[in-house]
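If you read the sequence shown in the numbering used here, its first letter stands for residue 237, the second for the next number, and so on. Glycine is no exception: its CB is placed at the ideal position from the N, C-alpha and C atoms.
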Amino acid sequence: MEEQNVLLRMEGICKSFPGVKALDNAQLTVKAGTVHALMGENGAGKSTLMKCLFGIYSKDAGHIYLEGKEIEFKSSKEALDNGVAMVHQELNQALKRTVMDNLWLGRYPKVVKHLPLVSDKQSYADTLRVFNELGLKVNPRQVMSTMPVSQRQMVEIAKAVSFNSKIIVFDEPTSSLTETEVEHLFQIIDMLKKRGCGIVYISHKMEEILRISDEVTVMRDGQWVATRPAKELTMEEIIRLMVGRPLTNRFPPKSGNISDQDILRVEGLTAMYSHLKDASFTLKRGEILGVAGLDSSGRTELLENIFGNATRKSGKIYKDGHLVANKNPKDSIKNGFALLTEERRATGILGILNIRENTVISSLKKYKSGPLLSDKKMAEATSKMINAMHIKTPSQKTKISALSGGNQQKVIFGRWMLTSPDILLLDEPTRGIDVGAKYEIYELIQDLAKSGKSVVMVSSEMPELLGVCDRIIVMSGGRIAGEVDANNTSQEEIMTLAAKYA
Ligand SMILES: Nc1ncnc2c1ncn2[C@@H]1O[C@H](COP(=O)(O)OP(=O)(O)OP(=O)(O)O)[C@@H](O)[C@H]1O
Ligand SMILES: [Mg+2]
Numbered sequence: 237m238e239e240q241n242v243l244l245r246m247e248g249i250c251k252s253f254p255g256v257k258a259l260d261n262a263q264l265t266v267k268a269g270t271v272h273a274l275m276g277e278n279g280a281g282k283s284t285l286m287k288c289l290f291g292i293y294s295k296d297a298g299h300i301y302l303e304g305k306e307i308e309f310k311s312s313k314e315a316l317d318n319g320v321a322m323v324h325q326e327l328n329q330a331l332k333r334t335v336m337d338n339l340w341l342g343r344y345p346k347v348v349k350h351l352p353l354v355s356d357k358q359s360y361a362d363t364l365r366v367f368n369e370l371g372l373k374v375n376p377r378q379v380m381s382t383m384p385v386s387q388r389q390m391v392e393i394a395k396a397v398s399f400n401s402k403i404i405v406f407d408e409p410t411s412s413l414t415e416t417e418v419e420h421l422f423q424i425i426d427m428l429k430k431r432g433c434g435i436v437y438i439s440h441k442m443e444e445i446l447r448i449s450d451e452v453t454v455m456r457d458g459q460w461v462a463t464r465p466a467k468e469l470t471m472e473e474i475i476r477l478m479v480g481r482p483l484t485n486r487f488p489p490k491s492g493n494i495s496d497q498d499i500l501r502v503e504g505l506t507a508m509y510s511h512l513k514d515a516s517f518t519l520k521r522g523e524i525l526g527v528a529g530l531d532s533s534g535r536t537e538l539l540e541n542i543f544g545n546a547t548r549k550s551g552k553i554y555k556d557g558h559l560v561a562n563k564n565p566k567d568s569i570k571n572g573f574a575l576l577t578e579e580r581r582a583t584g585i586l587g588i589l590n591i592r593e594n595t596v597i598s599s600l601k602k603y604k605s606g607p608l609l610s611d612k613k614m615a616e617a618t619s620k621m622i623n624a625m626h627i628k629t630p631s632q633k634t635k636i637s638a639l640s641g642g643n644q645q646k647v648i649f650g651r652w653m654l655t656s657p658d659i660l661l662l663d664e665p666t667r668g669i670d671v672g673a674k675y676e677i678y679e680l681i682q683d684l685a686k687s688g689k690s691v692v693m694v695s696s697e698m699p700e701l702l703g704v705c706d707r708i709i710v711m712s713g714g715r716i717a718g719e720v721d722a723n724n725t726s727q728e729e730i731m732t733l734a735a736k737y738a
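See the structure below:
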């Protein structure tokens with residue numbers, strides 16, 4: 237007998253790809269009116285399990301029951317038609333089309349049934365109805381490419397909700413949302429729960445999981461590990477289940493190898509098209525400088541302006557006491573800078589290339605052997621990065637698009653490490669990365685500092701800033717509001733500074 241409020245039951249699910257057993261007897265049971273968190277390290281099989289449900293992949297073995305009835309969707313359309321919707325980890329939108337086009341693509345309200353005529357008025361009205369219900373303030377006629385990624389993500393969420401599904405899967409929905417939008421999403425999820433929906437929620441952010449989920453299922457290496465009520469779990473316990481052993485330290489020791497010589501001096505940096513204003517700071521050789529602040533306080537703009545990704549209005553940048561122009565990214569790379577952008581999925585990943593190509597592409601000079609590139613040198617460099625970050629892949633020749641989301645992020649991180657920059661600018665370096673792999677990334681950052689390189693790191697995770705950085709500057713309303721010693725400050729002190737001009 238099916239337990240009364242069970243909506244979805246997946247049992248004995250297996251799925252293999254060439255060289256990987258992505259799912260090995262995995263299981264998941266979701267009850268109506270609950271949020272079920274699905275957790276596990278990068279590559280554990282979370283997205284694959286959900287894609288088997290959603291008809292994107294066909295499972296090799298196992299059974300799926302929706303409200304007690306066995307199902308096997310052959311396409312995502314079939315899944316949507318039968319009450320299962322999914323917000324994907326990677327946004328896949330028609331950027332040149334409008335918001336409402338994206339919402340109704342493939343299911344337009346037709347003027348005359350069976351004729352491909354679309355009622356503009358109807359789809360406009362329907363879009364507004366959906367947005368109003370969710371409290372979303374977006375113009376249905378706006379072209380997607382003109383909107384920030386976070387808003388596009390909200391449109392995607394609205395779309396999934398608009399199918400009135402019984403089961404909604406959110407695969408890392410908050411990785412590109414602002415704090416306000418995260419709160420908004422949580423309100424939407426609450427409303428869906430009240431309607432009796434079953435929610436599957438995938439995230440690497442522990443605080444989110446403990447806050448919104450009712451039950452937690454942990455996976456490891458494609459297998460089911462445990463399912464528990466969320467209130468019986470602590471962060472430490474979840475980590476232990478995910479990693480398979482307790483993780484004693486979240487942060488490696490700080491390198492502490494700071495010289496008294498300034499490698500970088502930024503003076504009065506003011507942006508042309510954003511509110512970044514009069515930013516001045518210095519960075520020492522071997523130092524890790526954190527940048528704290530609320531959403532849209534100018535943190536990303538600061539890095540983009542230093543790197544020449546955005547137009548400067550005024551201000552000067554000195555490296556080792558010499559004025560540098562950094563007019564564009566190419567010039568900045570030549571000057572020994574590197575920038576890991578926040579939107580790596582959108583801007584960093586070359587989907588048709590393999591892992592090795594994606595890793596070495598920004599440091600090709602290093603692998604020259606006469607007029608040619610040495611395959612051996614490229615393979616060695618790539619394998620060093622794969623080992624250092626435990627990138628989960630059958631081979632270097634695997635296409636990057638076949639990796640799990642978090643493992644793709646690690647490849648891009650490796651790409652910038654290999655350019656051996658003197659100054660590494662990092663924007664949210666551990667976003668989408670699991671707890672264990674975060675530690676490995678922190679270690680790489682500390683090693684870099686130990687070897688005399690310098691790092692500027694933006695993060696919205698305060699514990700990360702305190703645990704990794706030597707010094708932290710705090711931004712507020714486009715300006716630098718203050719500076720603190722990371723080893724001698726508190727979250728309160730930083731929050732007070734962050735609110736100064738906000
Ligand atoms: N299309 C594919 N082709 C080949 N291998 C794949 C494909 N999709 C996933 N895999 C492999 O299956 C395994 C599970 O990946 P999956 O994307 O499900 O992980 P995940 O738990 O969602 O991780 P993350 O937290 O990084 O998103 C990984 O080893 C991945 O490389
Ligand atoms: Mg995933």
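Item: Distance CB(E277)-CB(G668) smaller than 8 Å; Value: no
Item: Heavy atom of ligand 1 within 7 Å of S640 beta-carbon; Value: yes
Item: Buried or exposed (CB count within 10 angstroms, at least 16 for buried), P409; Value: buried
Item: V397 - DSSP class collapsed to helix/strand/coil; Value: helix
Item: R336, DSSP secondary structure in three states; Value: According to the sequence as given, residue 336 is Met; it is not Arg. Note: M336 maps to helix in three-state DSSP.
Item: Under the three-state DSSP convention, the category A617 falls into; Value: helix
Item: Every unbroken alpha helix (DSSP H) within the segment 609-679, with a cutoff of 4 residues, ordered by chain; Value: 611-624 and 641-653
Item: 8 Å contact criterion, which E697 and I709 should meet: CB distance rounded; Value: Not really, about 16 Å apart at Cβ, beyond 8 Å.
Item: Closest by C-alpha distance to R343, when choosing among A722, K295 and F399; Value: F399
Item: Cβ pair L469, V452 closer than 8 Å; Value: yes
Item: Three-state secondary structure (DSSP) of Y301; Value: strand
Item: Beta carbon of R486 nearer than 8 Å to that of G703; Value: yes
Item: Residue span of the beta strand (DSSP E) that contains M731, given as start and end; Value: Counting along the chain, M731 falls outside any beta strand (DSSP E), though it belongs to the alpha helix (DSSP H) covering Q727 to A734.
Item: First through last residue of the alpha helix (DSSP H) which encompasses Q423; Value: E415 to K430
Item: Sufficient close CB pairs (3 or more, under 8 Å) joining the segment 487-497 to the segment 685-695; Value: yes
Item: Reference L331; option with closest CA among K552, R377, R501 and G291; Value: R377
Item: Unbroken alpha helix (DSSP H) run spanning G703, endpoints; Value: M698 to V704
Item: Buried or exposed (CB count within 10 angstroms, at least 16 for buried), I677; Value: buried
Item: Contact test: Q459 Cβ vs ligand 2 heavy atom, cutoff 7 Å; Value: no
Item: Inter-stretch contact (C-beta, 8 Å, three-pair minimum) for the segment 507-519 and the segment 531-549; Value: yes
Item: Spatially closest choice to L500 from K689, H272, Q727 and S550, by CA coordinates; Value: K689
Item: Through-space distance from L289 to I716, alpha-carbon basis; Value: 47 Å
Item: Any non-hydrogen atom of ligand 4 within 7 Å of Q389 CB; Value: Of the ligands one can find in the structure shown, namely ligand 1 and ligand 2, none is ligand 4.
Item: C-alpha distance - V694 paired with A734, whole-angstrom precision; Value: 13 Å
Item: Nearest neighbour of F649, chosen from M621, R431 and C433 [CA to CA]; Value: M621
Item: Classification of R431 by the beta-carbon crowding that lies within 10 angstroms, buried from 16 upward; Value: exposed
Item: Member of A617, L483, K441 and A638 whose CA lies at the smallest distance from the CA of L274; Value: K441
Item: Which of helix, strand or coil DSSP assigns to K251; Value: strand
Item: Short Cβ contact (8 Å threshold) for A280 with C250; Value: no
Item: Backbone CA spacing between D611 and T595 [nearest angstrom]; Value: 13 Å
Item: Cβ pair count under 8 Å reaching 3, the segment 659-667 against the segment 297-309; Value: no
Item: Check: E282 C-beta below 7 Å from any heavy atom of ligand 2; Value: Residue identity differs from the one stated: residue 282 is Lys in this sequence, not Glu. Yes; taking the cut-off as 7 Å, the Cβ of K282 has a heavy atom of ligand 2 nearer than that.
Item: D670 Cβ short of 7 Å to ligand 2 heavy atom set; Value: no
Item: Extent of the continuous alpha helix (DSSP H) run through Y595; Value: Per the sequence presented here, residue 595 reads as Thr, with Tyr not at that position. I591 to V596 is the span of the alpha helix (DSSP H), which, as asked, contains T595.
Item: Supposed contact pair S355 and P340 - C-beta distance, whole angstroms, cut 8 Å; Value: Sequence inspection shows Trp at residue 340; the Pro mentioned does not correspond to that position. No, W340 and S355 are not in contact; Cβ-Cβ is about 10 Å, not under 8 Å.
Item: C-alpha gap between M237 and M478, whole angstroms; Value: Since pLDDT at M237 reaches only 45, below the 50 mark, its modelled position is unreliable, and no value is offered.
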